[in-house]
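Trainee: My structure is below; once you've seen it, I'll send some questions.
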Amino acid sequence: MPHPDRRLVLAGLATLAVPRGAWAATIRDGAGRDIAVPAKVERVFPAGPPAAIQLYTLAPDLLLGWPRANGPEELPFLLPNIGNKPQIGRITGRGNSANLEAVLTLKPDLIVDAGSTGRSYVELAERVQSQTGIPYALLDGRFEAIPASYRILGQLTGRVERAETLARWCETAMTVIKGRIATLPPERRPSVYYARGPRGLETGLGGSINVETLSFLGARNVAAEQPGNGLAQGSGLAQVSLEQVMAWDPEVIVTVDTGFAVSVHTDPGWASIRAVKAGRVHLSPKLPFGWVDFPPSVNRMVGLWWLAKLLYPAQFPENIRAIARDFHTLFYQVTPNEAQLDLILSGHR
Amino acid sequence: MGADPVPPSSLRGNAFALGLLGVAVLLAFGLGRFPVGPADLARLVWAGLIGQPSGLSPQIEAVIWNIRGPRVVAAVLCGAALAVAGTAFQGLFRNPLVSPDILGASSGAALGAVVGIYFSLGLFAIQLAAFIGGLVAVGAVYAIGSTIRRGDPVLVLVLTGVVVGSLLGAGIGLVKYWADPYNQLPAMTFWLLGSLAGTAKPDLIPLLGPVLLGTAVLVALRWRMNVMSLPEEEARALGLNTGPLRIAIVAAATLVTAASVAAAGIIGWVGLVVPHLARFLVGPDFGKLLPTAALLGGGYLLIIDTLARTAAPVETPLGILTAVIGTPFFIWLLASARGGWS
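Those sequence lines, one after another, are chains A and B. The first sequence begins at 1 in the UniProt record's numbering and counts up one residue at a time. The second sequence begins at 1 in the UniProt record's numbering and counts up one residue at a time.
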């Protein structure tokens, strides 16, 4: 029973959209793959939230839409006609044809994903690229690779100058912060517990993307330094018991959950922990995107300053309001007013 | 002596189950990530009994009374609930491979919970959504099953349960697909793997009520359940009206299952394995079987939960442990079945 191969049809449709010979350059992506990009990149499809945020900060006009529509509380912090672009979904690990047809209807010139550059993501990119005929670039989503990813994205989109500006801002932040904490002896680096979930009992293990900025800052993540993590070692998030947190007795707690940040002060178990007694439980800002871990994109760069100040107040006298205002103005291209800054820094949304 | 003589095997069986539970409780209170010495523990319990302050640090007090205590109680209640529900369903459906989620209680509760997480509800609301989800799912299965008049009503009910359960599974998959992968999805995954890691005192009330009520109903129906496990025609011939009785058993078993799933997430295998072990110990009479299953289930899940929270700094999900331990155990039970079923 002969029937046309859907992949061939899709690839054929896609090549119709991009006339032959229009490839301007070959650019090496974050996974070391050579991507042929068209001379004019005007429509870019982000494969997931980290890519969407990074693309927005570099070239908002190219963004086709958001993997997940922004909520009403996030919109005031984003450019008016771009923050509210439609929801377009994400390309999942099993990019099926219906999904890719939807991608094709948006006629992107380029697909960009930021995150893991591991084998399965490379293979997914290759497959989607051959199925659709649209160049699919992978950016290294690790925190320390953000400047390099900006430069690649700048080349891919023809926005080299702005990419350089943003990459420099990130590099300066990382260099200054790393330099100031380099000489601190281990005993002056606080032990930190990263609390997620309404009870604060989900945490990020060592090596997980959720705690990259904490390890960058040389903090001792209590969940990372314990031996014998067994099954869950290095696998990202895990659950722990309050009893375990009490045994760790961290000096600082960083949380992303508003409910937990409130309830931590009323529970007798938590009350005995050093961080709670010392008033060092900190709720991470999350407007329009989380400062500590989700989505794990360039939004963590301003979070790095915030965390550095929390962990080493003596080394970082800078005013976080000024840094946040700078970051928003440069990266999101919307300058928050004083009331908005208060709201951002409160960690509520 | 008037009363029915209790066969020695059932006494031995109950003594074993009670002993297991006792050992499990001692272990559970004595072990944990936060070091509490046996002397401190004894002092704390004694002070609690005579109502005097123990003089120990508030940290140790908090560990025992606010963290380990509620968790021990919740593990025993959930284990007992799942075992009792499994026993009741295995009897009702006259099938040894039935577990408490056969009519969709777990899948319904799971769907309720993931929807709750998706809409970022509070903890209590998520548990309530799970509980209601479980009840609604089984109610729907029962309602659909009752409208089908052809064939064996018990078989129809089981098949309806399988079909509706798989539809609910698809619903769970859909909500997970929609979920925010950085925030909601991990929460859903943790919930679906089962855990008592966050259990606190306020969680015990919505668990205790339904479990006690459902278990009491099942224990009250124990003689009728004996008749019920005979073939349908024989039961009818003995003058038993099977329709309302079936509703009562399904409702009671669903109530306890839904309460347990709402409190602890999805924990498989307990409701399948423990009734077999209980039958192995005391035989098929529900009068003896239900209490033994409750004691065994409570002790079994408590031991598993103690393992889950002490084996590593990071919790191991309960659903994983019960499956890893339950599978070989179940195979062993099947291989050495001695008057187990029937």
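The beta-carbon is built from N, C-alpha and C at its ideal position, and this holds for glycine as well.
Residues in the region 290 to 317 of chain B with C-beta within 8 Å of chain A's C-beta atoms, listed in sequence order?
Mentor: So the close ones are Arg309, Ala311, Ala312, Pro313, Val314, Glu315, Thr316 and Pro317.
Trainee: Can a CB atom of chain B be found closer than 7 Å to the CB of Glu251/A?
Mentor: Judged by the 7 Å Cβ criterion, Glu251/A is not in contact with chain B.
Trainee: Quick check on Asn183/B - is its C-beta less than 7 Å from some C-beta in chain A?
Mentor: Chain A contact via Cβ: present.
Trainee: Ile223/A touches chain B at which residues, Cβ-Cβ below 8 Å?
Mentor: Note that residue 223/A is Ala in the sequence shown here, rather than Ile. Here the neighbours are Pro313 and Val314.
Trainee: State the DSSP-derived secondary structure class of Asn99/A, mapped to helix, strand or coil.
Mentor: Residue state, collapsed to three classes: helix.
Trainee: Return no unless some Cβ of chain D is closer than 7 Å to the Cβ of Gly269/A.
Mentor: Note that chain D does not occur in the displayed structure, where the protein chains are A and B.
Trainee: Are Gly194/B and Ile266/B close, meaning C-beta to C-beta below 7 Å?
Mentor: Yes. Within cutoff.
Trainee: Do Gly30/B and Glu243/A have their C-beta atoms within less than 7 Å of each other?
Mentor: No, the Cβ-Cβ distance between Gly30/B and Glu243/A is not below 7 Å.
Trainee: Mind checking Gly230/A: buried by the 16 CB within 10 Å criterion, or exposed?
Mentor: Reliability of the predicted coordinates at Gly230/A is poor, the pLDDT of 42 falling under 50, and no value is obtained from them.
Trainee: Within 7 Å (strictly less), CB to CB, does Ile60/B reach chain A?
Mentor: So no, Ile60/B is outside the interface.
Trainee: How many angstroms separate the CA atom of Arg33/A from the CA atom of Gln90/B?
Mentor: So the two alpha carbons sit approximately 58 Å from each other.
Trainee: Helix, strand or coil, according to DSSP, for Ile67/B in the structure here?
Mentor: Three-state result, Ile67/B: helix.
Trainee: Measure the CB-CB distance between Val270/B and Gly79/B and report whether it falls below 7 Å.
Mentor: In this structure, Gly79/B lies closer than 7 Å to Val270/B by Cβ.
Trainee: Can you grab the Cα-Cα spacing for the pair Pro284/B / His276/B, in whole Å?
Mentor: So the alpha carbons of these two residues sit roughly 9 Å apart.
Trainee: By the criterion of Cβ-Cβ separation under 7 Å, what are the contact partners of Val148/B in chain A?
Mentor: The residue asked about is misnamed: residue 148/B is Ile in this sequence, not Val. Those within 7 Å of Ile148/B in chain A number zero; the least Cβ separation is about 35 Å.
Trainee: Ignore the nearest five residues each way along the sequence and tell me which others in Glu126/A's own chain have a CB closer than 7 Å to its CB.
Mentor: Closer than 7 Å at the Cβ level, and outside the excluded window around Glu126/A, lies no residue.
Trainee: Looking at C-alpha atoms only, which residue of Arg94/B, Ile132/B, Val163/B and Gly268/B is the closest neighbour of Gly297/B?
Mentor: Per the Cα distances, Gly268/B.
Trainee: Can you grab the Cα-Cα spacing for the pair Ile44/B / Pro35/B, in whole Å?
Mentor: For the record, residue 44/B in the displayed sequence is Leu; it is not Ile. Approximately 14 Å between the Cα atoms of the pair.
Trainee: Mind checking Lys40/A: buried by the 16 CB within 10 Å criterion, or exposed?
Mentor: Lys40/A comes out exposed.
Trainee: Considering only the beta carbon of each residue, do Ala137/A and Val103/A sit closer than 7 Å?
Mentor: In this structure, Val103/A does not lie closer than 7 Å to Ala137/A by Cβ.
Trainee: Terminal residues of the continuous beta strand (DSSP E) containing Ala137/B?
Mentor: Here Ala137/B belongs to no beta strand (DSSP E); instead the alpha helix (DSSP H) covers Leu123 to Thr147.
Trainee: Under a three-way DSSP split, which group does Ala17/B fall into?
Mentor: The answer is helix: DSSP assigns Ala17/B an H, G or I state.
Trainee: Identify whether Asp61/A lies in helix, strand or coil by the three-state DSSP scheme.
Mentor: In this structure, Asp61/A counts as helix in the three-state DSSP scheme.
Trainee: Using the C-alpha atoms, what's the distance from Ser284/A back to Gly243/B?
Mentor: Answer to the nearest angstrom: the Cα atoms are 57 Å apart.
Trainee: Let's see if you can read the secondary structure: which residues bound the beta strand (DSSP E) around Asp34/A?
Mentor: That run of the beta strand (DSSP E) goes Asp34 to Pro38.
Trainee: Can you find a CB in chain B that lies within less than 7 Å of the CB of Arg199/A?
Mentor: Chain B contact via Cβ: present.
Trainee: Pull out every residue of the region 122 to 155 of chain B whose Cβ sits closer than 9 Å to any Cβ of chain A, in chain order.
Mentor: Flagged, chain order: Gly122, Leu123 and Ile126.
Trainee: Taking the continuous beta strand (DSSP E) assigned at Leu155/B, which residues delimit it?
Mentor: Where Leu155/B is concerned, there is no enclosing beta strand (DSSP E), although the alpha helix (DSSP H) it sits in stretches over Pro153 to Trp178.
Trainee: Mind pulling the chain A residues with CB within less than 7 Å of Gly32/B?
Mentor: Residues of chain A passing the Cβ test: Glu243.
Trainee: Name the DSSP beta bridge partners of Val254/A, please?
Mentor: According to DSSP, Val254/A bridges with Tyr194/A and His282/A.
Trainee: Can you confirm whether Ser120/B, when its beta carbon is compared against all beta carbons of chain A, has any partner nearer than 7 Å?
Mentor: No, because no Cβ of chain A sits closer than 7 Å to the Cβ of Ser120/B.
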